[in-house]
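A.B. asks: Pasting a structure here, questions to come.
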Amino acid sequence: MRYYGAFLLSILLVVVSYPSTSRARRVAPLIEDDWARRPHRAAECTFGKQIRELGSTWFADLGPPFGVMYCIKCECIPVQKKRRIVARVHCRNIKNECPKLSCHEPVLLPGRCCKSCPGDFSTDIVQDLPAQLTSEEEERSLKHFGTLITGRTSQALRRDEPSPTSMYNSAYNYIATGRFTFHRKNLYYAFYLSTSTPRPRSIQFVDGSGSILEEQTIDPIGGVYQNATGKLCGVWRRVPRDYRKLLREERLHVSFIWEPSATLTGQLSRYRALSTEQFSSLLEPTMGVDRSLMSGAGATAIVSASSASAPSIHVSLVFNGVFLPNDVSEVPLIVQLEHTEKDYVVLREEIVVKKPSNELNFGEVRSALSGADLRLLTRGKLSISIMSRKDPQALRLAGVVGPRATCDMYQTLLQSETPSAASGIAWAFLDRAGSLRYGVQLIGLEEESPLVTLVDEGGKRRTELEDLTPSLVDGLANGSLDRPGPRLLEPLFNGELSVVAASHVGSMLRGRLLQRPVADARDTTAPVLLRRLSQEPVHPGPVGLVWTAVDLDCSLHYELEIAGFPQTSSASNNHEPRTFQLYLETMPLLAQGAPVARRLLEEFTGYVLEGSVTGLSPVELYRIESGIGFLEVTDKQSDRILKAPFKARAPMSCLPHYADNDVASVVAYNLHPPRSDIETGACYHETRFYEEGTQWTSNSDPCSMCHCYRGLAQCDPVPCPALTCPQAKQLKAPAGHCCPICSGPGINMNATGKNVSSITRGCTLASQFHLAGASWHPYLPPVGFDTCAVCTCDPITLEVKCPRVHCPPLDCDEKLAFRPSKKACCRQCPATTPSTLNTGVPGDTSRLPRDQAAPSTKRTAEEILASGGCKNPLGGPYENGMEWHPRVHSHGEMKCVKCRCKNGEVKCDRKRCPRALCNSIAHQMKRGEYVADVDDCCTVQCRRARRHHRNNNHHPARHSVTPRELS
Numbered sequence: 001m002r003y004y005g006a007f008l009l010s011i012l013l014v015v016v017s018y019p020s021t022s023r024a025r026r027v028a029p030l031i032e033d034d035w036a037r038r039p040h041r042a043a044e045c046t047f048g049k050q051i052r053e054l055g056s057t058w059f060a061d062l063g064p065p066f067g068v069m070y071c072i073k074c075e076c077i078p079v080q081k082k083r084r085i086v087a088r089v090h091c092r093n094i095k096n097e098c099p100k101l102s103c104h105e106p107v108l109l110p111g112r113c114c115k116s117c118p119g120d121f122s123t124d125i126v127q128d129l130p131a132q133l134t135s136e137e138e139e140r141s142l143k144h145f146g147t148l149i150t151g152r153t154s155q156a157l158r159r160d161e162p163s164p165t166s167m168y169n170s171a172y173n174y175i176a177t178g179r180f181t182f183h184r185k186n187l188y189y190a191f192y193l194s195t196s197t198p199r200p201r202s203i204q205f206v207d208g209s210g211s212i213l214e215e216q217t218i219d220p221i222g223g224v225y226q227n228a229t230g231k232l233c234g235v236w237r238r239v240p241r242d243y244r245k246l247l248r249e250e251r252l253h254v255s256f257i258w259e260p261s262a263t264l265t266g267q268l269s270r271y272r273a274l275s276t277e278q279f280s281s282l283l284e285p286t287m288g289v290d291r292s293l294m295s296g297a298g299a300t301a302i303v304s305a306s307s308a309s310a311p312s313i314h315v316s317l318v319f320n321g322v323f324l325p326n327d328v329s330e331v332p333l334i335v336q337l338e339h340t341e342k343d344y345v346v347l348r349e350e351i352v353v354k355k356p357s358n359e360l361n362f363g364e365v366r367s368a369l370s371g372a373d374l375r376l377l378t379r380g381k382l383s384i385s386i387m388s389r390k391d392p393q394a395l396r397l398a399g400v401v402g403p404r405a406t407c408d409m410y411q412t413l414l415q416s417e418t419p420s421a422a423s424g425i426a427w428a429f430l431d432r433a434g435s436l437r438y439g440v441q442l443i444g445l446e447e448e449s450p451l452v453t454l455v456d457e458g459g460k461r462r463t464e465l466e467d468l469t470p471s472l473v474d475g476l477a478n479g480s481l482d483r484p485g486p487r488l489l490e491p492l493f494n495g496e497l498s499v500v501a502a503s504h505v506g507s508m509l510r511g512r513l514l515q516r517p518v519a520d521a522r523d524t525t526a527p528v529l530l531r532r533l534s535q536e537p538v539h540p541g542p543v544g545l546v547w548t549a550v551d552l553d554c555s556l557h558y559e560l561e562i563a564g565f566p567q568t569s570s571a572s573n574n575h576e577p578r579t580f581q582l583y584l585e586t587m588p589l590l591a592q593g594a595p596v597a598r599r600l601l602e603e604f605t606g607y608v609l610e611g612s613v614t615g616l617s618p619v620e621l622y623r624i625e626s627g628i629g630f631l632e633v634t635d636k637q638s639d640r641i642l643k644a645p646f647k648a649r650a651p652m653s654c655l656p657h658y659a660d661n662d663v664a665s666v667v668a669y670n671l672h673p674p675r676s677d678i679e680t681g682a683c684y685h686e687t688r689f690y691e692e693g694t695q696w697t698s699n700s701d702p703c704s705m706c707h708c709y710r711g712l713a714q715c716d717p718v719p720c721p722a723l724t725c726p727q728a729k730q731l732k733a734p735a736g737h738c739c740p741i742c743s744g745p746g747i748n749m750n751a752t753g754k755n756v757s758s759i760t761r762g763c764t765l766a767s768q769f770h771l772a773g774a775s776w777h778p779y780l781p782p783v784g785f786d787t788c789a790v791c792t793c794d795p796i797t798l799e800v801k802c803p804r805v806h807c808p809p810l811d812c813d814e815k816l817a818f819r820p821s822k823k824a825c826c827r828q829c830p831a832t833t834p835s836t837l838n839t840g841v842p843g844d845t846s847r848l849p850r851d852q853a854a855p856s857t858k859r860t861a862e863e864i865l866a867s868g869g870c871k872n873p874l875g876g877p878y879e880n881g882m883e884w885h886p887r888v889h890s891h892g893e894m895k896c897v898k899c900r901c902k903n904g905e906v907k908c909d910r911k912r913c914p915r916a917l918c919n920s921i922a923h924q925m926k927r928g929e930y931v932a933d934v935d936d937c938c939t940v941q942c943r944r945a946r947r948h949h950r951n952n953n954h955h956p957a958r959h960s961v962t963p964r965e966l967s
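Number 810 in full-length UniProt numbering belongs to position 810 of the sequence shown; there are no gaps in the numbering.
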């Protein structure tokens, strides 16, 4: 074993020297490059089943029986490949780097590679790792970054690149401005492009030497949010630590690629004014300027306003290209804010640039503003311009002030403030025209006609701002508020705007709209409301919201937020985070009951999750696009489940060439074929699978009841019992029901009195709904309808009672009584008297079940019990020595069980099935042959024994059954 471990270590040190992105060749099992079939990501290493970021270090884990090898130190290092930086795993043995010790008896502490002297814990150099910033500290240090991309800012980062002049770069006059938000190790980016600038083909993040750190292909169409806002949105996920350092030090650049000869680059710089930005503007040269002087010029404005007691505006400018060739120092410029449609100047200020630069210049303006002008600003009616004071017609940049450039979505989970089964979600964003587009989805308040409003909760008193109720239809509200003013925008930006849904009966849902960055999943039409499966009123009520999208690489992205899960005692005492699991389920399109494909996407802690999954099959993606995919969140602590169907548009290149719209394709997907499954007992009927023992109403014929018995679906027509009310009080069967009912108290009739389609009250028995006042024969699989019993739904109390047909006493000897037909309920005497010839009606005893055999008419019940008889909970007592087959309501007559009354005690025995007979039946099942019903008891018993006790040598001995087990 020792030599085997040394051999593994030697292989490890050789293998990890190769790049982790290799896929074409077979590699050692320690590095599973095809794990989850992830797309190539240059800045990450894959070691085993773990993803390591660039610059990270760890100890090699060989798994059992060796475990972690603390003398093998691994690193994820960058490797230069032409212009690209790729990640590579490098491991080395640090045993020889251990220092020499002066003590005579050094000890090896757990988790260390080097031995140390007793009391000395500083000799192990492996543990001397630099301290890293916490995530909160890092996010604070990586905020408020922006960029201006023009021909003048795009400098050649490598000597082999051509100079970005109009002669070499056709994109020299393109203009763009960007904003960057760092959140959870992800760098979200957002760009405004000028009207003459097309969407680039790709975006690259590069360092100061021009090496490509990250490259992303841009969707030429864009998503729902990007098309509505006119922005370009995306995210660089899991930015390595070394690259975050470049961002912090402002040494990171972003490049737009249109063609190999059409590129522009801008530097990511820290702009303090971005912390309060509310509006943005992209400025470009206006009509009539000197194009030779302003080639490659542009600007961006960061605008914030306040509507307090003294309204004011703050404009921060980043610009270039508005200087004359002889402008060297102390150059005056004019900043002007004016109405876009009228000849009306709102603000005109002069700024002085001390030392003009060809690349970037900065300036700012602060001024008071009237309330009317502030409303014009929020409604997109103002434009901002910056011009040279010496020649304002030749050197001038201008642009309309619109919503801020960041890609923001505002969303919230609507939770009940009292125990309730209701829940909801809401989301909103500002489009390119400055209108607030919103969506609200409510569940559980459909019958209460709630009012939906936007409320400002920033002050001491809650102020209602907008009423969204007119757009609410069937629990969904979608609309837009044209040009909202500062009264609504300020609480929205500050996270103080709430969505409130309240009804007249006291139900109330509330949630604050909070900002979330947009990329991948959120760039879709709407999120999905995850609701709990059980609808009992609880407080707090769990609720979830999830965005989903499929990208060009066929990866499924999801962004999840949940709330309302109670704190368990263990979690609160031990401060352990709650653990959740996110599952994905897909099912065939038509055969909804077929076995579903279920996979665990991620196990996570906390209440927010952003992730993606790759390696989904084309069939799974097709089902997701068809809307037959499900997302499920499971809470291990409280066993509460949130689930909802969802759909996401997938590129055509990700979908299969065949459709999942027929049963034949289910076989092609290597799923169970649509046939009776003898092993599991599943039945296939009308494009759906049903479990053994279940019953349902036929979709093609609502007046047929079906059940699954021994892998075969069997259907019976619904018989209607005779009504006891006169014809004038009989109502026709309403839609979805088969039998007429009698009118009476508690039943609401319309004016005609001929239909009851408005009736919603009723009873439920065996998962079947029956109207109040209805009567029916119970359905007892596998026997079918029991016409000797009539169930009724009481129209007042809504209680179900199923009394059996009352059979009159016999005037003859019981041994002479007979059944005139198989469908007769009561037996009759041979004498042809009128009272005994009426078969199949009340008074017929020919089909009296054996567990309700007519008691002797010659003796009373007390006399029968005194002579050794047994009590019968369903009727008269049994005579001493009487035998019968018991009847169970859900299964009918148990022919395989025989009960006998002896000296006041009831004993029931199940029929014995020999092993040879069970083996014969099992061989017939395995060959797919039909098993005849010669011995129905042993057929069922042997099949169950084979299914539940397949691994046990069960001897089919006689089994004693007590009457309690049969009740």
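Heads up, the beta-carbon is just placed ideally off N, CA and C, and yes, glycines get one too.
A quick note: this is a predicted structure, and the numbers were derived from the prediction, not measured.
Can you tell me which of the three DSSP states ASP467 falls into?
C.D. replies: Walking along the sequence shown from the start, residue 467 turns up at place 467. Strand at ASP467.
A.B. asks: Under the rule that 16 or more other beta-carbon atoms within 10 Å means buried, what is ALA817, buried or exposed?
C.D. replies: For the purposes of this step, residue 817 is taken as residue 817 along the sequence shown, with counting starting at 1. Flag for ALA817 reads buried.
A.B. asks: With a cut-off of 8 Å on the beta carbons, I'd call THR340 and SER383 a contact; round off their distance for me.
C.D. replies: Working through the sequence shown from its first residue, we reach residue 340 at position 340. Working through the sequence shown from its first residue, we reach residue 383 at position 383. Right, their Cβ atoms sit about 5 Å apart.
A.B. asks: Measure how close the beta-carbons of ALA297 and GLY439 come, nearest whole angstrom, since I'm counting them as under 8 Å.
C.D. replies: Taking the first residue of the sequence shown as position 1, residue 297 is located at position 297. Taking the first residue of the sequence shown as position 1, residue 439 is located at position 439. Incorrect: roughly 40 Å between the Cβ atoms, too far for contact.
A.B. asks: So LEU492 packs on LEU513, CB below 8 Å; how close in whole Å?
C.D. replies: Position 492 of the sequence shown, counted from the first residue, corresponds to residue 492. Position 513 of the sequence shown, counted from the first residue, corresponds to residue 513. Yes, LEU492 and LEU513 are in contact; Cβ-Cβ is about 6 Å, under 8 Å.
A.B. asks: For THR764, which of helix, strand or coil comes out of DSSP?
C.D. replies: Here the question's residue 764 lines up with position 764 in the sequence shown. Of the three classes helix, strand and coil, the one that applies to THR764 here is strand, per DSSP.
A.B. asks: Within the stretch 417 to 487, note down every full beta strand (DSSP E) run reaching 3 residues or more, in order along the chain.
C.D. replies: Listed in chain order, the complete beta strand (DSSP E) runs (minimum 3 residues) inside the stretch 417 to 487 are 423 to 430, 436 to 443, 451 to 456, 463 to 467, 476 to 481.
A.B. asks: Please confirm if the stretch 284 to 304 is in contact with the stretch 420 to 440, defined as three or more CB-CB distances below 8 Å between the two stretches.
C.D. replies: In short, these stretches do not touch, since the Cβ pair count stays below three.
A.B. asks: Along the alpha helix (DSSP H) that carries GLU277, what are the first and last residues, could you check?
C.D. replies: Position 277 of the sequence shown, counted from the first residue, corresponds to residue 277. Where GLU277 is concerned, there is no enclosing alpha helix (DSSP H), given that its DSSP letter is neither H nor E.
A.B. asks: Quick one: residues in its chain with C-beta nearer than 7 Å to the C-beta of LYS354, no 5 flanking neighbours on either side, listed in chain order?
C.D. replies: Residue mapping note: residue 354 aligns to position 354 of the sequence shown, counting from 1. The answer, listed in chain order, is SER329, GLU330.
A.B. asks: Going by DSSP, what residue range makes up the beta strand (DSSP E) through TYR93?
C.D. replies: Position 93 of the sequence shown, counted from the start, is the residue given in the question as residue 93. Strictly speaking, residue 93 in this sequence is Asn, with Tyr absent from that position. 84 to 93 is the extent of the beta strand (DSSP E) around ASN93.
A.B. asks: Taking all protein chains shown into account, do 16 or more other C-beta atoms lie within 10 angstroms of the C-beta of ALA722, making it buried, or fewer, making it exposed?
C.D. replies: Within the sequence shown, numbered from 1, the residue matching residue 722 stands at position 722. With fewer than 16 Cβ atoms within 10 Å of its Cβ, ALA722 is classed as exposed.
A.B. asks: Leaving aside the five residues before and after LEU347 along the sequence, list all residues of the same chain whose C-beta is less than 6 Å from its C-beta, in chain order.
C.D. replies: What you label residue 347 is simply residue 347 of the sequence shown in a count that begins at 1. Here the set comprises LEU337, SER367.
A.B. asks: Kindly identify the DSSP beta-bridge partner or partners of GLU214.
C.D. replies: As a first step, residue 214 must be located in the sequence shown, where it is residue number 214. Per DSSP, PHE205.
A.B. asks: Does ASP523 come out as helix, strand or coil in the three-state DSSP assignment?
C.D. replies: Along the sequence shown, read from residue 1 onward, the residue named residue 523 stands at position 523. Residue state, collapsed to three classes: coil.
A.B. asks: Nearest to ILE203 by CA position, among SER196, ILE334, ILE212, is which residue?
C.D. replies: Numbered from 1 along the sequence shown, position 203 holds the residue referred to as residue 203. Selected option, being the one with the closest Cα: ILE212.
A.B. asks: Kindly indicate which three-state DSSP category VAL666 falls into: helix, strand or coil?
C.D. replies: Here residue 666 is taken as the residue at index 666 of the sequence shown, counted from 1. Residue confidence is low: VAL666 scores 42 on pLDDT, short of 50, so the model does not pin down where it sits. Its coordinate-derived value is still stated next. In this structure, VAL666 counts as helix in the three-state DSSP scheme.
A.B. asks: Would you tell me roughly how many angstroms separate the C-alpha atoms of GLY210 and THR406, rounded to the nearest one?
C.D. replies: For the purposes of this step, residue 210 is taken as the residue at position 210 of the sequence shown. For the purposes of this step, residue 406 is taken as the residue at position 406 of the sequence shown. If you take the alpha carbons of GLY210 and THR406, they lie about 26 Å apart.
A.B. asks: In angstroms, rounded to a whole number, what distance separates the CA positions of ASP467 and CYS715?
C.D. replies: The residue you call residue 467 lines up with position 467 of the sequence shown. The residue you call residue 715 lines up with position 715 of the sequence shown. Between ASP467 and CYS715, the C-alpha separation is close to 53 Å.
A.B. asks: Would you report the Cα separation of MET508 and THR418, rounded to the nearest angstrom?
C.D. replies: For this step, residue 508 is matched to residue 508 along the sequence shown. For this step, residue 418 is matched to residue 418 along the sequence shown. So the alpha carbons of these two residues sit roughly 8 Å apart.
A.B. asks: Should ALA299 go down as buried or exposed, given a rule of 16 or more other Cβ atoms within 10 Å for buried?
C.D. replies: Looking up residue 299 in the sequence shown gives position 299. Burial call: buried.
A.B. asks: Taking only the alpha-carbon atoms, compute the straight-line gap between LEU374 and LYS381 and give it to the nearest angstrom.
C.D. replies: Position 374 of the sequence shown, counted from the first residue, corresponds to residue 374. Position 381 of the sequence shown, counted from the first residue, corresponds to residue 381. Taking the straight line from one Cα to the other gives about 10 Å.
A.B. asks: Specify, as a first and last residue, the run of the beta strand (DSSP E) that GLU75 falls within.
C.D. replies: As a position in the sequence shown, residue 75 is number 75, starting the count at 1. 68 to 81 is the span of the beta strand (DSSP E), which, as asked, contains GLU75.
A.B. asks: If you follow the beta strand (DSSP E) that LYS381 is part of, which residue opens it and which one closes it?
C.D. replies: The sequence position of residue 381 within the sequence shown is 381, counting from 1. Note, LYS381: premise wrong, no beta strand (DSSP E); not H, not E.
A.B. asks: What are the partner residues of LEU712, as DSSP defines its beta bridges?
C.D. replies: To locate residue 712, count along the sequence shown from 1; it is residue 712. In the DSSP output, where bridge partners are listed per residue, LEU712 has TYR709.
A.B. asks: Give the DSSP bridge partners of ARG819, in chain order.
C.D. replies: By 1-based counting over the sequence shown, the position of residue 819 is 819. Answer is none; ARG819 lacks a bridge partner.
A.B. asks: Taking the DSSP output, what are the residues bridged to GLY868?
C.D. replies: Counting from 1 along the sequence shown, the entry for residue 868 is found at position 868. GLY868 pairs with nothing; no bridge assigned.
A.B. asks: Beta-carbon separation of GLU277 and ARG92 under 8 Å?
C.D. replies: In the sequence shown, residue 277 corresponds to position 277, counting from 1. In the sequence shown, residue 92 corresponds to position 92, counting from 1. Their beta carbons are not under 8 Å apart, which means GLU277 does not touch ARG92 by this criterion.
A.B. asks: Work out the CA separation of CYS937 and ILE921 for me, nearest whole Å.
C.D. replies: Mapped onto the sequence shown, residue 921 falls at position 921. Mapped onto the sequence shown, residue 937 falls at position 937. About 12 Å.
A.B. asks: How many angstroms separate the CA atom of LEU282 from the CA atom of PHE580?
C.D. replies: Indexing the sequence shown from 1 puts residue 282 at position 282. Indexing the sequence shown from 1 puts residue 580 at position 580. Cα-Cα distance, rounded: 44 Å.
A.B. asks: Counting only the same chain and skipping the five closest in sequence on each side, list residues whose C-beta sits under 6 Å from that of THR263.
C.D. replies: As a working mapping, residue 263 is identified with position 263 in the sequence shown. Same-chain partners within the cutoff: SER255, ILE257.
A.B. asks: What do you get for ARG184, buried or exposed, if any count of 16 or more other CB atoms within 10 angstroms of its CB means buried?
C.D. replies: The sequence position of residue 184 within the sequence shown is 184, counting from 1. When all chains shown are included, ARG184 counts as exposed.
A.B. asks: Please name the residue, chosen from ASP635, GLY564, GLU905, that lies closest to TYR583 on a Cα-to-Cα basis.
C.D. replies: For the purposes of this step, residue 583 is taken as residue 583 along the sequence shown, with counting starting at 1. Minimum Cα distance to TYR583 is reached at ASP635.
A.B. asks: In whole angstroms, what separates the C-alpha of ALA916 from that of LYS895?
C.D. replies: Here residue 916 refers to the residue found at position 916 when the sequence shown is read from its first residue. Here residue 895 refers to the residue found at position 895 when the sequence shown is read from its first residue. Approximately 21 Å between the Cα atoms of the pair.
A.B. asks: What would DSSP say about GLU905, mapped onto helix, strand or coil?
C.D. replies: Position 905 of the sequence shown, counted from the first residue, corresponds to residue 905. Residue state, collapsed to three classes: strand.
A.B. asks: Please identify the residue among LYS898, PRO877, LYS643, PRO450 whose C-alpha is closest to the C-alpha of residue 974.
C.D. replies: Absent from the structure is residue 974, since the part of the chain shown begins at 1 and ends at 967.
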